[in-house]
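Asks: Encoded as structure tokens, here's the structure I'll be asking about.
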Amino acid sequence: MKIGRSIDKNEIHYFIQLDKDGLLLKNNPIELYWINNEDKGQVESINWIKKKFGYGLKYLKNEKQEAVFHFVSYPKRQLMVKKSLSGDYKIFTASNGLTVEISSIFIHIDGGTFWLPNVTKVELHAMDINSKKSIIEIIYP
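Residue numbers (the numbering used here): 102 to 242.
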């Protein structure tokens with residue numbers, strides 16, 4: 102899963118981490134990295150401030166085959182990492198009564214400050230796991 106933002110080309114990527122047995126890493130099932138597309142696309146560690154206040158995750162349930170979490174900046178929406186029907190671990194959420202597999206999120210920012218950006222809307226790009234149709238949910242924070 103990745104997050105893009107309207108203020109620049111940089112992205113935050115979320116990587117599911119598995120142990121040697123193919124189960125979710127207990128201490129850190131999802132690692133996030135900054136992709137610096139404004140420069141040469143290099144992968145960088147995300148800084149503490151962005152992880153603590155913006156793009157980091159808070160785990161509500163963290164087990165070997167499933168983790169439930171939300172973004173530290175948006176506790177209203179729970180997400181889950183678990184195995185998909187194909188057997189790969191994916192990130193899911195509920196969207197308008199459907200269970201969807203998230204592919205990406207795009208945040209529209211219009212001004213504000215570093216500490217309090219003015220987020221005007223968020224696009225959740227996903228696929229309905231039953232119909233396999235692509236959906237885009239618009240969230241107004």
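All C-beta atoms, glycine included, are put in the ideal place defined by N, C-alpha and C. Here the structure is a predicted model, which means the values were calculated and not measured.
Among residues of its own chain, excluding the 5 on either side of F207, which ones have a beta-carbon nearer than 6 Å to its beta-carbon?
Replies: One-based indexing of the sequence shown puts residue 207 at position 106. Hits under 6 Å: G105, E224.
Asks: Give the secondary structure of F154 by DSSP, where H, G and I count as helix, E and B as strand, and everything else as coil.
Replies: In the sequence shown, residue 154 corresponds to position 53, counting from 1. Here F154 sits in helix by DSSP.
Asks: If F193 sits next to I203, beta carbons under 8 Å apart, how far is it from one beta carbon to the other, in whole angstroms?
Replies: Here residue 193 refers to the residue found at position 92 when the sequence shown is read from its first residue. Here residue 203 refers to the residue found at position 102 when the sequence shown is read from its first residue. Contact flag correct, Cβ pair sits at about 7 Å.
Asks: With a 10 Å radius around its C-beta and 16 neighbouring C-beta atoms as the bar for buried, classify F170 as buried or exposed.
Replies: Residue mapping note: residue 170 aligns to position 69 of the sequence shown, counting from 1. F170 should be labelled buried.
Asks: Excluding five sequence neighbours on each side, which residues of the same chain lie with their C-beta closer than 7 Å to the C-beta of Y241?
Replies: On the sequence shown, residue 241 is found 140 positions in, with the first residue counted as 1. Non-local C-beta neighbours of Y241 in its own chain, meaning closer than 7 Å and more than five positions away in sequence, comprise K222, ordered along the chain.
Asks: Kindly list the residues whose CB is nearer than 8 Å to the CB of M228, restricted to its own chain and excluding five residues on each side of it in sequence; keep chain order.
Replies: Position 127 of the sequence shown, counted from the start, is the residue given in the question as residue 228. Correct list, in chain order: V201, E202, S204, K234, S235, I236.
Asks: Report buried or exposed for I150, applying the criterion of at least 16 other Cβ atoms within 10 angstroms of its Cβ.
Replies: Position 49 of the sequence shown, counted from the start, is the residue given in the question as residue 150. I150 comes out exposed.
Asks: Does the distance from the C-beta atom of Y156 to that of I117 stay below 8 Å?
Replies: To locate residue 156, count along the sequence shown from 1; it is residue 55. To locate residue 117, count along the sequence shown from 1; it is residue 16. In this structure, I117 does not lie closer than 8 Å to Y156 by Cβ.
Asks: Based on Cα-Cα distance, which residue from I131, N231, I239 lies nearest to V220?
Replies: Here residue 220 is taken as the residue at index 119 of the sequence shown, counted from 1. Selected option, being the one with the closest Cα: I239.
Asks: Should A195 go down as buried or exposed, given a rule of 16 or more other Cβ atoms within 10 Å for buried?
Replies: As a working note, residue 195 is residue 94 in the sequence shown. A195 is exposed by the Cβ-count criterion.
Asks: Rounded to the nearest angstrom, what separates V173 and Q179 at their Cα positions?
Replies: For the purposes of this step, residue 173 is taken as the residue at position 72 of the sequence shown. For the purposes of this step, residue 179 is taken as the residue at position 78 of the sequence shown. Going from the Cα of V173 to the Cα of Q179 covers about 11 Å.
Asks: The beta strand (DSSP E) that contains T194, what's its start and end?
Replies: Mapped onto the sequence shown, residue 194 falls at position 93. Looking at the DSSP string, the run of the beta strand (DSSP E) that includes T194 is 190-196.
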